[in-house]
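Undergrad:
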């Protein structure tokens, strides 16, 4: 239980960092709030899915290719879902996007962010388990 509370606080710190770091990169603070919330929730969900579902069911059983395929698929779907929320919100707040390739660019950027955050969470979990086992 303590690990879950600490991890949720960690995600809250990530959310706060990104909200205040990117607030001037969006046309409105509301849109910045929606973008940050959507992405950080997707990143956290993928990280929890990785550690609570995929690693125990696939990686630890030696099903490495299946693990990678499921992880990539999960990250791609969560990114797409998050981007759908962002695009809908942007259209409602600011009107249609004038960049015809905007959805592709933003999907690539957000998927890269997904990979970085899930990998970062994996490193933190690995490091924390090493510290816990050292005691």
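Residue numbers (the numbering used here): 183 to 317. Each residue gets a CB set at the ideal place from its N, CA and C atoms; glycine is no exception.
Grab me the residues of residue 201's own chain with a C-beta within less than 7 Å of its C-beta, minus the 5 sequence neighbours each way, in chain order.
TA: 214, 215 and 218
Undergrad: By the 10 Å Cβ neighbour count, where 16 or more other Cβ atoms means buried, how is residue 199 classified, buried or exposed?
TA: exposed
Undergrad: What does the alpha-carbon distance come out to for the pair residue 253 and residue 274?
TA: 32 Å
Undergrad: CA-CA distance, residue 284 and residue 249?
TA: Each residue's alpha carbon lies about 31 Å from the other.
Undergrad: Beta carbon of residue 299, beta carbon of residue 265: below 8 Å?
TA: no
Undergrad: Answer yes if the stretch 225-245 comes into contact with the stretch 290-308, meaning at least three C-beta pairs across the two stretches below 8 Å, and no otherwise.
TA: At 8 Å Cβ cutoff, the stretches touch.
Undergrad: For residue 279, count neighbouring C-beta atoms within 10 Å of its own C-beta (all shown protein chains included) and say buried if the count is 16 or more, exposed if not.
TA: exposed
Undergrad: Return the CA-CA distance between residue 308 and residue 260, expressed in angstroms with no decimal places.
TA: If you draw a straight line from the Cα of residue 308 to the Cα of residue 260, it comes to about 23 Å.
Undergrad: Using CA atoms only, rank isn't needed, just tell me which of 257, 276, 316 and 314 is closest to residue 290.
TA: 257
Undergrad: So for residue 277, helix, strand or coil by DSSP?
TA: coil
Undergrad: Looking at the unbroken alpha helix (DSSP H) that takes in residue 192, where does it start and where does it end?
TA: 184-204
Undergrad: Is residue 283 helix, strand or coil by DSSP?
TA: coil
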